[in-house]
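Q: Handing you a structure now.
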Amino acid sequence: MARVSTEIRQEQIVNEAIKIIHQKGYTGLSIRELAEKVGISEPAIYRHFRSKEEIILGILERMNRFGDVIRKELQKITDPEKKIKKLVRMHMDFLTVNPEMTSVLFSEEIFEPREWIQQKLQEIIRDRHQFLNQLLQEALRKGEIVNAPIGDLSTVILGYIRMIVLEWRMANFSFSLQKRGEQLIQTLDKIIFINQ
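Sequential numbering of the sequence shown, starting at 13, is according to our numbering.
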């Protein structure tokens, strides 16, 4: 049987960890069960991640890579308004395909007692805000959005996304996140974007 590369094995571990956290919460994540699900021994898990906290960092790293995917995709678009709308759609698409990720994003038991994990999440959030701020600044220069504090507009958009995702999760994923994303875009057309 061929050996699986380190990167692939780490992805498998992260995938299964997300599923377990989704079903049982962070405290329900056991290395024994995780090893079983991945099909490797417990010591093999520890060769890839030294602790449960490092597995959480692996999950956050996946979120970070998603930010890189967004940036790369948006480089193909020249119009700032279209970039912002694409950013909203990409978030909704990503979570539609990865609903279990919401269990990690909204888990206080993961982030509360672990300051260094909390700092990593804050770093990712800050990065998203700064990136959206740049897009909004560009849209403002082109006269595509209302003249309001950029940081506030960024918080409105990202906060709205977060609220929709939280409602979706609490409704047991029973409505289309992508349709709600389109409704958000229509709302942004009315309150932020200037129709020329």
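The C-beta atom is built at its ideal place from N, Cα and C for all residues, glycine as well.
(1) Taking a contact to mean a Cβ-Cβ separation below 9 Å, would you say Ile-96 touches Ile-206 in this structure?
(2) From the DSSP output, in three-state form, read off Phe-205 for me.
(3) Looking at Glu-121 and Gly-70, is the spacing between their C-beta atoms short of 9 Å?
(4) By how many angstroms is the C-alpha of Ile-197 removed from the C-alpha of Arg-101?
(5) Less than 6 Å between C-beta atoms, sequence neighbours within five positions excluded: which residues of the same chain meet that for Ile-176?
(6) May I have a chain-ordered list of the alpha helix (DSSP H) segments no shorter than 4 residues that lie completely inside the region 113-160?
(7) Tell me the residue span of the alpha helix (DSSP H) that contains Thr-18.
(8) The alpha helix (DSSP H) with Phe-187 in it runs from where to where?
(9) Report the residue from Leu-148, Leu-189, Thr-167 and Gln-142 whose alpha carbon sits nearest the alpha carbon of Gly-79.
(10) Residues in its own chain within less than 7 Å of Glu-65 by CB, not counting five upstream and five downstream?
(11) Smallest Cα separation from Val-109: which of Lys-31, Ile-203 and Ser-17?
(12) Could you check which residue in Asp-164, Phe-118, Ile-82 and Thr-39 has the C-alpha nearest to that of Trp-180?
(13) Measure how close the beta-carbons of Ile-33 and Leu-46 come, nearest whole angstrom, since I'm counting them as under 8 Å.
(14) Of all the options Ile-173, Ser-166, Lys-154 and Asn-184, which has the alpha carbon lying nearest to the alpha carbon of Thr-90?
(15) Does DSSP put Leu-178 in a helix, a strand or coil?
(16) What would DSSP say about Gln-195, mapped onto helix, strand or coil?
(17) What is the C-beta distance between Ile-67 and Ile-25, in whole angstroms, given that I count them as a contact (C-beta under 8 Å)?
(18) Below 7 Å CB to CB, which residues in the same chain sit around Ala-29 once its five sequence neighbours on both sides are set aside?
A: Taking the geometry as given:
(1) no
(2) strand
(3) no
(4) 9 Å
(5) Arg-192
(6) 113-117, 120-123 and 127-153
(7) 18-36
(8) That residue, Phe-187, is in no alpha helix (DSSP H); it is neither H nor E in DSSP.
(9) Gln-142
(10) Arg-126 and Ile-129
(11) Lys-31
(12) Phe-118
(13) The pair is not a contact, with the Cβ atoms about 10 Å apart (cut-off 8 Å).
(14) Lys-154
(15) helix
(16) helix
(17) 7 Å
(18) Leu-41, Leu-46, Ile-67 and Ile-71
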